[in-house]
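Chemist:
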Amino acid sequence: MPIRTYLSWMICSLLLLIGLAMPSILAQDTTSRDIWHLKISGVIGPASGDLLVRTLSDANEKKAHLLVLHLDTPGGLDTSMRNMIQAIIDSPVPVATFVHPKGARAASAGTYLLYASHIAAMAPATNLGAATPVQIGMTPPQPRDPTKQDEKDDNLGAAAHNPMQKKIMNDAAAYIRGLADLHGRNADWAEKAVRDAASLSASQALKEGVIDLMANDLNDLLRQLDGREIKVKDQPYQLRTTDVRLYEVTTDWRYDFLAVITNPNVAYILMLAGLYGLLLEFYNPGVGLPGVIGGISLLIALYAFQLLPVSYAGLALIALGVGLMVTEAMSPSFGIFGIGGAISFAIGSVLLMDTELPAFQIAIPVIAAFTAVTGGLCVFVLALALRSRRSTLVSGTSMLIGAKALALEDFHELGKVQLHGEIWNAQATSPINAGEQVTILSVRGLLLEVAKDDRPTTGDPQ
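To convert, note that position 233 of the sequence shown is 234 in the working numbering; the numbers rise steadily by one, no gaps.
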């Protein structure tokens, strides 16, 4: 065989082998060995939801191997929770939710997050559960009726006795059962946590098949996860958690900004500052500063309300209350508009947040303080109006009746008189001599009817 032919055959074979091996070589290390670590504690809200969604997006771009979510929460908003769960399910980077440290909990919304995660882990002395959805007007769950023997007669629990409550309860139960089926966890207990607000400790949760494992700390968790095979987006995924680089995710300015403005008390104060700033600018056009600060504050408050569970009825009552109190200040009605506005303002403030979660309620002292200040301004304006009503008139034609004027010329019917430094046309029924003092009897337009005053005087009468 010629050498050239032999070399050509060898080169083709080598290229063929490289082509066959290339897909496996490329697939061998599509992800890095980085494990991202994110801590979320406190109430689940817009800030924490936005943080997790952005972190998963960044982890996907950096091809992270795993995201460990450190969780300690009493629950939170349903909308924020569902956004976080959707991001976890759609993420190509698996999420291991770890309830830690000891004494932490994953209550309410935290239970849903645990069920949605690819790995659910808890530290000793932690707990989860109490996942019953809470809305305004919804009674807390009560024990099942012991007189009912048939479980079907009481399968909704005592937390749902009207159609709306049943609708919310059934939706939440179906949602968490779907999350349980997604990762093969205990769906029956998940539904019990929703309908009966059941709770479990970490050891009981492991025994009941609610979580995958227990770990003392992050290193213990990574050691137990090494080599475990899970499913990510219905595809097998093997975890490699030894000799990895740990990347600690820190909060940025966006999270801090959202955490501040989505505090209901802060959003409420920003809204009122915006309204009063714009009103002050309308009263004193051209000042500029109140209008600029008011406009910025109002826009930030509206953005925060868009993220919060706001009751539009409460918002409308607040706007009506402010409008009535402004009307009282501009055209006093002896308290009718002011008192009605203060009542509407207070009721609207209480109803503003459409949830019973304590962390998303406006503090009563804040509402009382702003209502008292606004009502006090109305009382002050009303007092000024009453005072001006009782005071003697200092302007208008009525104050001229009975005043003294000085004749500037001799006249019998029409002539000129001087009053308070001004020259007026005057009419008299008897002759008036120049320099005599006259008394004004009536006013007809710009004509004064005068009569001679018998008392002598000199100078301009005041």
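Heads up, the beta-carbon is just placed ideally off N, CA and C, and yes, glycines get one too.
Here the structure is a predicted model, which means the values were calculated and not measured.
N61 and V94: beta carbons closer than 7 Å?
Modeler: The answer is yes: Cβ separation under 7 Å.
Chemist: Out of S42, L39, G50 and I36, point me to the one whose CA is closest to L308's CA.
Modeler: For L308, the nearest C-alpha among the options comes from G50.
Chemist: Which same chain residues end up closer than 8 Å to L358 when comparing Cβ atoms and leaving out the 5 residues on each side of it in sequence?
Modeler: Answer for L358: V44, G76, G77, L78 and V135, listed in chain order.
Chemist: Classify A65 as helix, strand or coil using the three-state DSSP reduction.
Modeler: Residue state, collapsed to three classes: coil.
Chemist: With DSSP as the reference, identify every bridge partner of K232, one or two as the case may be.
Modeler: DSSP output for K232 lists P237 as bridge partner(s).
Chemist: Have a look at P141 and Y113 and give me their C-alpha separation to the nearest angstrom.
Modeler: Note that P141 scores a pLDDT of 47, beneath 50, so its modelled location is shaky and nothing firm can be said.
Chemist: I believe I348 touches L325 by the beta-carbon criterion, under 8 Å. Please report the beta-carbon distance rounded to the nearest angstrom.
Modeler: Not a contact, Cβ separation roughly 12 Å.
Chemist: Taking the alpha-carbon positions, what's the A373 to I294 distance?
Modeler: Taking the straight line joining both Cα atoms gives about 23 Å.
Chemist: Tell me the residue span of the beta strand (DSSP E) that contains N128.
Modeler: Per DSSP, N128 belongs to the beta strand (DSSP E) from N128 to G130.
Chemist: Would you kindly report the start and end of the unbroken alpha helix (DSSP H) that includes Q428?
Modeler: First-last for Q428: E423 to A429, but that is the beta strand (DSSP E), not the alpha helix (DSSP H).
Chemist: Is L271 near I301, with beta carbons less than 7 Å apart?
Modeler: The answer is yes: Cβ separation under 7 Å.
Chemist: How far does the alpha helix (DSSP H) with H184 in it reach, from first residue to last?
Modeler: Segment P164 to H184, the alpha helix (DSSP H) holding H184.
Chemist: Kindly indicate which three-state DSSP category L447 falls into: helix, strand or coil?
Modeler: Residue state, collapsed to three classes: coil.
Chemist: In the DSSP output, which residue or residues are listed as bridge partners for H71?
Modeler: In the DSSP output, where bridge partners are listed per residue, H71 has K40 and F99.
Chemist: Going by DSSP, what residue range makes up the beta strand (DSSP E) through R106?
Modeler: Counting along the chain, the beta strand (DSSP E) containing R106 begins and ends at R106 to A108.
Chemist: List the whole-angstrom C-beta distance separating T263 from P47, where the pair is believed to meet the contact cut-off of C-beta under 8 Å.
Modeler: Their Cβ separation, rounded to whole angstroms, is 5 Å, which keeps T263 and P47 in contact under 8 Å.
Chemist: Under a Cβ-count criterion, where at least 16 other Cβ atoms within 10 Å of its own Cβ denotes burial, should P310 be classed as buried or exposed?
Modeler: P310 comes out buried.
Chemist: Given that a residue counts as buried once 16 or more other Cβ atoms are within 10 Å of its Cβ, and exposed if not, what is D213?
Modeler: Per the 10 Å Cβ criterion, buried.
Chemist: Shortest alpha-carbon distance to S81 belongs to which of L53, A191 and L281?
Modeler: S81 has its Cα closest to that of L53, out of L53, A191 and L281.
Chemist: Provide the residue(s) that pair with F412 in DSSP beta bridges, ordered along the chain.
Modeler: I433.
Chemist: Quick one: grab the DSSP three-state call for G77.
Modeler: Three-state result, G77: strand.
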